[in-house]
Amino acid sequence: MSYIKSLNKWANAHTYYPLDMLRISLGIFLFYKGVYFVSNLNVLIDLIEPVKSVAGDVLLVHYIAPAHFIGGFLIIFGLLTRWAIIAQLPILIGAVIINFIGKMHSGNLLLSSIVLLVCVFFLFYGSGRHSVDKYLKMQQ
Numbered sequence: 087m088s089y090i091k092s093l094n095k096w097a098n099a100h101t102y103y104p105l106d107m108l109r110i111s112l113g114i115f116l117f118y119k120g121v122y123f124v125s126n127l128n129v130l131i132d133l134i135e136p137v138k139s140v141a142g143d144v145l146l147v148h149y150i151a152p153a154h155f156i157g158g159f160l161i162i163f164g165l166l167t168r169w170a171i172i173a174q175l176p177i178l179i180g181a182v183i184i185n186f187i188g189k190m191h192s193g194n195l196l197l198s199s200i201v202l203l204v205c206v207f208f209l210f211y212g213s214g215r216h217s218v219d220k221y222l223k224m225q226q
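What the sequence shown shows, in this note's numbering, is residues 87 to 226, in sequence order.
Here it is, written out as structure tokens:
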């Protein structure tokens, strides 16, 4: 626990607006993807076709879309950012792997790899100074 506190202190001392904008952009992108997958279930089902035999359609659809939707919303405001990103990691790792199992889409591979790397960065960095987490912490 002290390690996480030391990471938070470092992040709060080195927080700049561009990093907050990157976090907000990541949240908006994930929120958009969640809304897109909810409104276009056929696209999501086509994307998870290569791993259909490993996990059921219903389980994946009911995890991917809400995790992006709710996780993106939380990341935008910087509320429970690390927990929201932990929920995104299996989805993003799966998105990278699906490109190698199924039909290769270089655009999807690049996009999912970039989002995965940004999520891993914010997993260690945290939500930053301009977030609801920091505001709530200062109210205590």
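We put the beta carbon where it would ideally sit given N, CA and C, even for glycine.
**Message:** Taking its Cβ as the centre, do 16 or more other Cβ atoms sit within 10 Å of residue 203, making it buried, or is it exposed?
**Reply:** For the purposes of this step, residue 203 is taken as residue 117 along the sequence shown, with counting starting at 1. Residue 203 should be labelled exposed.
**Prompt:** So, residue 180 versus residue 94, is the Cβ gap smaller than 8 Å?
**Reply:** Walking along the sequence shown from the start, residue 180 turns up at place 94. Walking along the sequence shown from the start, residue 94 turns up at place 8. With respect to the 8 Å criterion, residue 180 and residue 94 are not classified as neighbours on the basis of their beta carbons.
**Message:** Mapping the DSSP letters down to three states, classify residue 134 as helix, strand or coil.
**Reply:** Taking the first residue of the sequence shown as position 1, residue 134 is located at position 48. The answer is coil: DSSP assigns residue 134 none of H, G, I, E or B.
**Request:** Please name the residue in 128, 161 and 169 whose C-alpha comes closest to that of residue 146.
**Result:** Here residue 146 is taken as the residue at index 60 of the sequence shown, counted from 1. For residue 146, the closest C-alpha among the options 128, 161 and 169 is that of 128.
**Prompt:** Any heavy atom of the ligand ADP within a distance shorter than 7 Å of the CB on residue 152?
**Reply:** Only the bare structure without any ligand can be found here, which leaves the ligand ADP out of the picture.
**Request:** Apply the 10 Å Cβ neighbour rule to residue 132 and answer buried if 16 or more other Cβ atoms are within range, or exposed otherwise.
**Result:** Position 46 of the sequence shown, counted from the first residue, corresponds to residue 132. So residue 132 ends up on the exposed side.
**Prompt:** Taking the alpha-carbon positions, what's the residue 150 to residue 223 distance?
**Reply:** Taking the first residue of the sequence shown as position 1, residue 150 is located at position 64. Taking the first residue of the sequence shown as position 1, residue 223 is located at position 137. Going by the C-alpha atoms only, they are around 30 Å apart.
**Request:** Have a look at residue 175 and residue 109 and give me their C-alpha separation to the nearest angstrom.
**Result:** The count along the sequence shown starts at 1 and reaches residue 175 at position 89. The count along the sequence shown starts at 1 and reaches residue 109 at position 23. If you take the alpha carbons of residue 175 and residue 109, they lie about 15 Å apart.
**Asked** Short check: CB of residue 205 to CB of residue 184, under 8 Å?
**Response** As a first step, residue 205 is located in the sequence shown; it is residue number 119 there, counting from the start. As a first step, residue 184 is located in the sequence shown; it is residue number 98 there, counting from the start. Taking 8 Å as the Cβ cut-off, residue 205 and residue 184 do not qualify as a contacting pair.
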